[in-house]
Amino acid sequence: GENVEQHPSTLSVQEGDSAVIKCTYSDSASNYFPWYKQELGKRPQLIIDIRSNVGEKKDQRIAVTLNKTAKHFSLHITETQPEDSAVYFCAANFRRLGTGGYNKLIFGAGTRLAVHP
Amino acid sequence: GAVVSQHPSWVICKSGTSVKIECRSLDFQATTMFWYRQFPKQSLMLMATSNEGSKATYEQGVEKDKFLINHASLTLSTLTVTSAHPEDSSFYICSARAPGLAAYEQYFGPGTRLTVT
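Each protein sequence line maps, in turn, to chains A and B.
Residue 51 in our numbering sits at position 51 of the first sequence; the count goes up by one each step and never skips.
Every number in our numbering is 1000 more than the matching position in the second sequence, counting from 1.
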């Protein structure tokens, strides 16, 4: 089936520490893996994404790694700050080409990150 | 660029009535739009994929006669919740994707909070 598993469901860290969130996906054909940050009552905001032709991508304090063989990708946040507190979702695209084809995102269950001053 | 709006931002309706939610891409043409539902403290669950000029594709378990989707133009998709019940109360979020081979990213609307009394 089309499935994305995300762990942990909650994560509590001290300001300045690193946070790591992990996801696995079920379809080896998936080739796009975005990460979203969602604050209460707001829309998901894309914070970083990675495609299957690279293994790692970094943007300041945020990095994503991808292991295609294991169908596993992770979000790394370094030097966490209180404003990083939010719910983070990973997602993977599931696609079928040809007649009746589709290309859609399936989301993980989310990780509630709390960064304590 | 890549702005998606939704209207209304919140709505309260009585059980048994219908509610229409609009999703617009303001500065790009979206050949594909997606509708998600998000219950409190849960993930985004894809309801349906909407392609301009054709019938929407619904995810398993989503009643197409209850959640009517129309994608009449490249900038507008609508979701109508028919005969709403209290269990339909949720946060409904749309997203839009631009056409093209490099188009993986989805741009999310701000969401519509539906409360059915």
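The beta carbon of each residue, even a glycine, is placed where N, CA and C say it ideally should be.
Q. By the 10 Å Cβ neighbour count, where 16 or more other Cβ atoms means buried, how is R1024 of chain B classified, buried or exposed?
A. Here residue 1024 of chain B refers to the residue found at position 24 of the second sequence. That one is buried.
Q: Would you verify that the beta carbon of G1109 of chain B is, or is not, closer than 8 Å to some beta carbon of chain A?
A: Residue numbering aside, residue 1109 of chain B sits at position 109 when the second sequence is read from its first letter. With 8 Å as the cut-off, G1109 of chain B counts as an interface residue toward chain A.
Q: Using beta-carbon positions only, say whether E2 of chain A and I106 of chain A come within less than 8 Å of one another.
A: Sequence index remark: in the first sequence, residue 2 of chain A carries index 2 (1-based). Sequence index remark: in the first sequence, residue 106 of chain A carries index 106 (1-based). Yes, the Cβ-Cβ distance between E2 of chain A and I106 of chain A is below 8 Å.
**Q.** Nonlocal neighbours in the same chain, by C-beta distance under 6 Å from A1056 of chain B, ignoring five residues either side
**A.** Along the second sequence, read from residue 1 onward, the residue named residue 1056 of chain B stands at position 56. Hits under 6 Å: A1048, S1050, I1069.
Q.
Using the Cβ count rule (16 or more neighbours within 10 Å means buried), how would you classify R1037 of chain B?
A. Numbered from 1 along the second sequence, position 37 holds the residue referred to as residue 1037 of chain B. When all chains shown are included, R1037 of chain B counts as buried.
Q: Only counting runs of 4 or more residues, tell me where the alpha helix (DSSP H) segments fall wholly within the stretch 2 to 54 of chain A, in order along the chain.
A: none
Q: Pull up the distance between the alpha-carbon of Q1106 of chain B and that of Y32 of chain A, whole angstroms please.
A: Taking the second sequence and counting its residues from 1, one reaches residue 1106 of chain B at position 106. Taking the first sequence and counting its residues from 1, one reaches residue 32 of chain A at position 32. Looking at the two C-alpha atoms, the distance is approximately 11 Å.
Q. Can the beta-carbon of Y1104 of chain B be found less than 8 Å from the beta-carbon of N93 of chain A?
A. Taking the first residue of the second sequence as position 1, residue 1104 of chain B is located at position 104. Taking the first residue of the first sequence as position 1, residue 93 of chain A is located at position 93. Going by C-beta atoms, Y1104 of chain B is nearer than 8 Å to N93 of chain A.
Q | Proximal residues, the stretch 1054 to 1080 of chain B versus chain A, C-beta separation under 9 Å | A | T1057, E1059
(Q) Cβ closer than 8 Å: which chain B residues qualify as neighbours of I47 of chain A? (A) One-based indexing of the first sequence puts residue 47 of chain A at position 47. In chain order: nothing, as chain B lies at least about 12 Å away.
Q) Where does E1087 of chain B sit, in a helix, a strand or coil, going by DSSP? A) Locating residue 1087 of chain B in the second sequence gives position 87, counting from the first residue. Note: E1087 of chain B maps to helix in three-state DSSP.
Q) Is T1082 of chain B closer than 8 Å to I1021 of chain B when the C-beta atoms are compared? A) Numbered from its first residue, the second sequence carries residue 1021 of chain B at position 21. Numbered from its first residue, the second sequence carries residue 1082 of chain B at position 82. Cβ atoms of I1021 of chain B and T1082 of chain B: not closer than 8 Å.
Q: Assign E83 of chain A to one of three DSSP states: helix, strand, or coil.
A: The sequence position of residue 83 of chain A within the first sequence is 83, counting from 1. Of the three classes helix, strand and coil, the one that applies to E83 of chain A here is helix, per DSSP.
Q. Could one say the Cβ of Y1092 of chain B lies closer than 8 Å to chain A's Cβ atoms, at least one of them?
A. Taking the first residue of the second sequence as position 1, residue 1092 of chain B is located at position 92. False, the Cβ-Cβ gap to chain A never drops below 8 Å.
Q) Mapping DSSP to helix, strand and coil, what is A1002 of chain B? A) Reading the second sequence from its first residue, position 2 is the one you call residue 1002 of chain B. Coil, per DSSP.
Q | Spatially closest choice to E56 of chain A from A:I48, A:D49, A:T65, by CA coordinates | A | To locate residue 56 of chain A, count along the first sequence from 1; it is residue 56. It is A:T65.
Q) Taking Cβ positions only, does S1043 of chain B come closer than 8 Å to chain A? A) Within the second sequence, the letter at position 43 stands for residue 1043 of chain B. It does: the Cβ of S1043 of chain B has a partner Cβ on chain A nearer than 8 Å.
Q) Among residues of its own chain, excluding the 5 on either side of A1030 of chain B, which ones have a beta-carbon nearer than 7 Å to its beta-carbon? A) Counted from its first residue, the second sequence places residue 1030 of chain B at position 30. The answer, listed in chain order, is L1074, T1075, A1096, R1097, A1098.
Q) Would you call D59 of chain A buried or exposed, if buried means 16 or more other Cβ atoms sit within 10 Å of its Cβ? A) As a first step, residue 59 of chain A is located in the first sequence; it is residue number 59 there, counting from the start. D59 of chain A comes out exposed.
Q: May I ask you to report which of helix, strand or coil DSSP gives S1015 of chain B?
A: Taking the second sequence and counting its residues from 1, the one referred to as residue 1015 of chain B is at position 15. Coil at S1015 of chain B, not helix or strand.
(Q) Tell me which residues of the stretch 93 to 110 of chain A have at least one Cβ-Cβ distance to chain B shorter than 9 Å, keeping chain order. (A) N93, G100, Y102, N103, K104, L105, I106, F107, G108, A109, G110
Q: List the whole-angstrom C-beta distance separating V115 of chain A from E15 of chain A, where the pair is believed to meet the contact cut-off of C-beta under 8 Å.
A: Here residue 115 of chain A is taken as the residue at index 115 of the first sequence, counted from 1. Here residue 15 of chain A is taken as the residue at index 15 of the first sequence, counted from 1. With 8 Å as the limit, V115 of chain A and E15 of chain A qualify as a contact, their Cβ atoms being about 6 Å apart.
Q) Are there 16 or more other CB atoms within 10 angstroms of the CB of A1084 of chain B, so buried, or fewer, so exposed? A) By 1-based counting over the second sequence, the position of residue 1084 of chain B is 84. A1084 of chain B should be labelled buried.
Q) Which one of A:A109, A:Y88, A:T80, A:V87 has the shortest CA to CA distance from P117 of chain A? A) Position 117 of the first sequence, counting from 1, holds the residue named residue 117 of chain A. With distances taken between Cα atoms, P117 of chain A lies closest to A:T80.
**Q.** Candidates A:F89, A:G41, A:S26: closest to H76 of chain A by CA position
**A.** By one-based count along the first sequence, residue 76 of chain A stands at place 76. Nearest option by C-alpha distance: A:F89.
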